[in-house]
Amino acid sequence: MASISVTFSLDGSIKGDSRPVDRKRQNHPWPTSVLSLQVGPCSMLRRIARILRLTQFLALLLVVGMGAMLYGVLADFEKAGRWVEHSQEIVIEIGHVRLETLRSGVWLRKFTVDQNKDSLQRARSSASEAMHAADRLLALTEADPVHNDRLHLLRAELSEVLGQYRGAANIAERDGPAALQSILAARASSDPTRQLRMLLDQAEQVQKELLRTRARARAEQLALFKKLLAGGGLVFVAFMLWAIRYSGRLLHLGHEQIHRLKADALHDPLTGLLNRRGLEEQLARLCSTPAGAGKHVAVLVFDLDDFKPVNDRYSHAAGDQVLRKVAARLRRQCREGDAIARVGGDEFVVVLRRVASRHEAMTIAQRMCTRLMAPIPLGAAVVRIGASVGIAMLHEDGPDMDALLQAADEQMYEVKKAGKAEPRPGVRLLEAVGA
Numbered sequence: 003m004a005s006i007s008v009t010f011s012l013d014g015s016i017k018g019d020s021r022p023v024d025r026k027r028q029n030h031p032w033p034t035s036v037l038s039l040q041v042g043p044c045s046m047l048r049r050i051a052r053i054l055r056l057t058q059f060l061a062l063l064l065v066v067g068m069g070a071m072l073y074g075v076l077a078d079f080e081k082a083g084r085w086v087e088h089s090q091e092i093v094i095e096i097g098h099v100r101l102e103t104l105r106s107g108v109w110l111r112k113f114t115v116d117q118n119k120d121s122l123q124r125a126r127s128s129a130s131e132a133m134h135a136a137d138r139l140l141a142l143t144e145a146d147p148v149h150n151d152r153l154h155l156l157r158a159e160l161s162e163v164l165g166q167y168r169g170a171a172n173i174a175e176r177d178g179p180a181a182l183q184s185i186l187a188a189r190a191s192s193d194p195t196r197q198l199r200m201l202l203d204q205a206e207q208v209q210k211e212l213l214r215t216r217a218r219a220r221a222e223q224l225a226l227f228k229k230l231l232a233g234g235g236l237v238f239v240a241f242m243l244w245a246i247r248y249s250g251r252l253l254h255l256g257h258e259q260i261h262r263l264k265a266d267a268l269h270d271p272l273t274g275l276l277n278r279r280g281l282e283e284q285l286a287r288l289c290s291t292p293a294g295a296g297k298h299v300a301v302l303v304f305d306l307d308d309f310k311p312v313n314d315r316y317s318h319a320a321g322d323q324v325l326r327k328v329a330a331r332l333r334r335q336c337r338e339g340d341a342i343a344r345v346g347g348d349e350f351v352v353v354l355r356r357v358a359s360r361h362e363a364m365t366i367a368q369r370m371c372t373r374l375m376a377p378i379p380l381g382a383a384v385v386r387i388g389a390s391v392g393i394a395m396l397h398e399d400g401p402d403m404d405a406l407l408q409a410a411d412e413q414m415y416e417v418k419k420a421g422k423a424e425p426r427p428g429v430r431l432l433e434a435v436g437a
């Protein structure tokens, strides 16, 4: 495989590394920094899901609550309607008693005029209808003992009056119209139906008052039902509009969080560079383009030298500061369209999208290493970090992403092993300034 790997120290000489090759890190596709995704977007998405579920629950609760209230009001309205109908039936039956009693008397008087026995039969029939109406009144008022007792008195008085009518009809049928006229004339002065009329008037007045009260209650229930229906509808519409607007806002925030989550999944949280996954996506797109004259793609794999002592001596926070500084220097050296990624603890990859030749890629790598080895202040101390570099060219050293990364990585580690015994001036940690 025709690839070039170079390592530069502070003075520009080629150097290696005495550390053993870390094949485990090379084969691990996802560094810990990549796998440890930020929980912020996920928490936001969970919050959005909870709020949406809460909105749905509140909407359901509102519908159920309004439904229960409307059902209760409707039940009261129907009950009031039944009571109104009940009072109307009683009033109607009282009217039947009054009417049939009056008809019975009228038919008796008519017999004295036309002497037609059919009038007597109709008088008896009307009397029977009046009694049946009184019996229906008693049946309708069984649930109201007070009113039922009053109607029992009315029925007793009615029975007495109608008994007199029947007796008069029997006498008229036997003795003729003159006898009936004599009976009617004798009773006219005493007015035997006065007590019955008074009882009928009282019963009718009580029922009409109840009818007005129940009709008023029914109207109030209907008005309340309409108000609740209108108010509940307005509240529900307002709530749904709010829910739609708020859900839309949450969905917008959710989309933003998803995009941010995707971006976080493709970037290293420490340096802001691409991570291995982001690098793989970039290389996959580049590998799908055919090779062109004068437009080559080069992959540079950087591995920092003597980085572990920085963590050991100055703390991991200092090591993170060095990594961020290295990332910033590499970013400044990259051209527009180039990609840079951190794929391991101290391993970086630069993808040069347009280089004329391997020599140009090698020149760019040398310039980057020179910039990397500039002093890095760490509080009162200053350190210099070198880097070993492996270079691989697309379509020359490998046709795809995996082959390119493997070729560049292997060449970089071969350089490190080859430089085990060579002195590496400028790579060691410097003492604190003034020490």
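Residue numbers (our numbering): 3 to 437. For every residue, glycine included, the Cβ atom is placed at its ideal position computed from N, Cα and C. Computed from a prediction, not measured in an experiment: that's the story for all the values here.
Taking the straight line between their C-alpha atoms, what separation do you get for residue i and residue j?
i    : j    : result
L396 : L275 : 22 Å
V115 : P179 : 8 Å
K419 : I260 : 44 Å
E80  : L224 : 9 Å
R278 : D402 : 15 Å
H134 : Q90  : 17 Å
L12  : L302 : Because L12 sits at a pLDDT of 31, beneath the cut-off of 50, its placement in the model cannot be relied upon, and the point is left open.
E162 : T195 : 9 Å
G97  : R199 : 11 Å
G250 : Q58  : 14 Å
P311 : M364 : 28 Å
L325 : V239 : 56 Å
V417 : H361 : 18 Å
M242 : A77  : 27 Å
G165 : R100 : 15 Å
R84  : S192 : 42 Å
My output table needs one value for residue i: the three-state DSSP class, helix, strand or coil.
i    : result
L39  : In this prediction, L39 has a pLDDT of 40, which is less than 50 and means its spatial position is unreliable; what the coordinates show is noted afterwards. Coil.
D193 : coil
L275 : coil
A135 : helix
S441 : Shown here, the chain extends from 3 to 437; a query on residue 441 therefore has no answer.
T143 : coil
R337 : coil
M375 : coil
N172 : helix
G347 : coil
G178 : coil
A290 : For the record, residue 290 in the displayed sequence is Ser; it is not Ala. The answer is coil: DSSP assigns S290 none of H, G, I, E or B.
Smallest Cα separation from residue i: which of the options?
i    : options                : result
H149 : Q204, A174, G74, M200  : Q204
D146 : I92, S106, L160, L186  : I92
T215 : R189, V86, L110        : V86
R52  : E258, L253, G347       : L253
H88  : L213, K418, V208       : L213
Y415 : E349, Q368, R369       : E349
A410 : R84, V75, A300         : A300
H154 : Y167, G169, A136, L164 : A136
Look up residue i in the DSSP assignment and give the residues it is bridged to.
i    : result
I342 : V352
C357 : One point to set straight first is that residue 357 is Val, not Cys, in the sequence displayed. Its beta-bridge partners are H298.
G400 : L396
H269 : L276
Exercise. Is it true that the region 305-313 meets the region 386-406, where meeting means three or more beta-carbon pairs spaced less than 8 Å apart?
Worked result: yes
Exercise. Any chance the region 169-183 sits against the region 46-64, with 3 or more Cβ pairs inside 8 Å?
Worked result: no
Exercise. Below 8 Å, can you find three or more Cβ-Cβ pairs linking the region 352-368 to the region 311-319?
Worked result: no
For this session: Would you be able to state if there are at least three C-beta pairs under 8 Å between the region 122-132 and the region 185-193?
Result: no
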